[in-house]
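Q: A single structure is presented below for examination.
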């Protein structure tokens, strides 16, 4: 599932996984490492996501762009929670249609 | 909603819209034009989609790569139908969560 705003992917599986990794690892750099993603790419995804939100999803504990600790805000936690709930509700509600669709694929 | 197979997007909104345009316009070139997409890009998307399916979604009425008429197979119709049903079932089942998620965004 992806949420697009004006044709740009505001929220998708990559950003959600990154948020979860930041929550679990406590910094953008450790999260990036755990996902085998460059720090630069992770940082840009976080900037994108924060810019798409009314209130940022993550904040640096030290302020600025230092590679210090980064924590999720309550809005960041809410984004993960809602996204994962939507995925699981949708998967349950559409189970038979998804199965039929997958049967058409290799 | 996107269906990925081995990290490649097998089915997503772009391919479904293209299939609908081919169904409505009767050829890949007319479908591409209606979507302001190059013929080459539309043709590549169709090849991708056909390759991802057990049985092709569209077939050329003239065979080969001629820019002649192209029609959807019953599998192609089924892919559109299932995809649109999944979208609408999921949107209904997750309406309140989707609303909450959108409220967090700008």
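Residue numbers (this note's numbering), protein chains in the order written: chain S, 311 to 416; chain W, 311 to 416.
Cβ atoms here follow ideal geometry from the backbone N, Cα and C, with glycine treated the same way.
Every value quoted in this text rests on a predicted model; they were computed, and no experiment measured them.
Could you check the C-alpha separation between residue 341 of chain W and residue 389 of chain W for me, to the nearest Å?
A: Each residue's alpha carbon lies about 17 Å from the other.
Q: Considering just the uninterrupted stretch of the alpha helix (DSSP H) at residue 348 of chain S, what are its terminal residues?
A: From DSSP, residue 348 of chain S is part of no alpha helix (DSSP H); its letter is neither H nor E.
Q: Can you pull the chain S residues whose beta carbon is under 8 Å from the beta carbon of residue 389 of chain W, in chain order?
A: 411, 414, listed in chain order.
Q: Taking residue 345 of chain W as the query, report the chain A residues whose CB atoms sit under 8 Å from its CB, ordered along the chain.
A: The structure shown contains no chain A; the protein chains it does contain are S and W.
Q: For residue 325 of chain S, which residues in the same chain have their Cβ closer than 6 Å to its Cβ, ignoring the five residues on either side in sequence?
A: Closer than 6 Å at Cβ, skipping near neighbours: 355, 359.
Q: Would you mind sorting residue 406 of chain S into buried or exposed? The rule is 16 or more other CB atoms within 10 Å of its CB.
A: Exposed, since its Cβ has fewer than 16 Cβ neighbours within 10 Å.
Q: To the nearest angstrom, report how far apart residue 279 of chain W and residue 403 of chain S are at their CA atoms.
A: In the structure as shown, chain W begins at 311 and stops at 416. Residue 279 of chain W is therefore absent and cannot be evaluated.
Q: Which residue marks the beginning of the alpha helix (DSSP H) containing residue 392 of chain W, and which one marks its end?
A: Counting along the chain, the alpha helix (DSSP H) containing residue 392 of chain W begins and ends at 384-403.
Q: Just to confirm my understanding: we take residue 329 of chain S, look at its own chain, exclude 5 residues before and 5 after, and list those with CB closer than 8 Å. What are they?
A: Closer than 8 Å at the Cβ level, and outside the excluded window around residue 329 of chain S, lie 359, 367, 368, 382, 386, 389, 390.
Q: Mind checking if residue 394 of chain W is an interface residue toward chain S, Cβ cutoff 7 Å exclusive?
A: Closer than 7 Å: no.
Q: Could you pull the DSSP bridge partners for residue 368 of chain S from this structure?
A: For residue 368 of chain S, which the question treats as bridged, DSSP gives the partners S/382.
Q: Just to make sure I have the definition right: I need the residues of chain W whose C-beta is within less than 9 Å of the C-beta of residue 340 of chain S. Which are they?
A: Going along chain W, no residue has its Cβ under 9 Å from residue 340 of chain S, so there is no contact; the nearest lies around 23 Å.
Q: With a threshold of 6 Å on Cβ separation, who are the neighbours of residue 337 of chain S within its own chain once the five nearest residues in sequence on each side are excluded?
A: Same-chain partners within the cutoff: 379, 380.
Q: Leaving out the 5 sequence neighbours to the left and right, which residues in its chain are closer than 8 Å to residue 371 of chain W when beta-carbon positions are compared?
A: Cβ within range, chain order: 378, 379, 380, 381.
Q: Quick check on residue 326 of chain W - is its C-beta less than 7 Å from some C-beta in chain S?
A: Cβ-Cβ to chain S under 7 Å: no for residue 326 of chain W.
Q: Classify residue 331 of chain W as buried or exposed, calling it buried when 16 or more other Cβ atoms lie within 10 Å of its own Cβ.
A: Its Cβ being crowded by 16 or more others within 10 Å, residue 331 of chain W is buried.
Q: So, is the C-beta of residue 399 of chain W closer than 7 Å to a C-beta in chain S?
A: Cβ-Cβ to chain S under 7 Å: yes for residue 399 of chain W.
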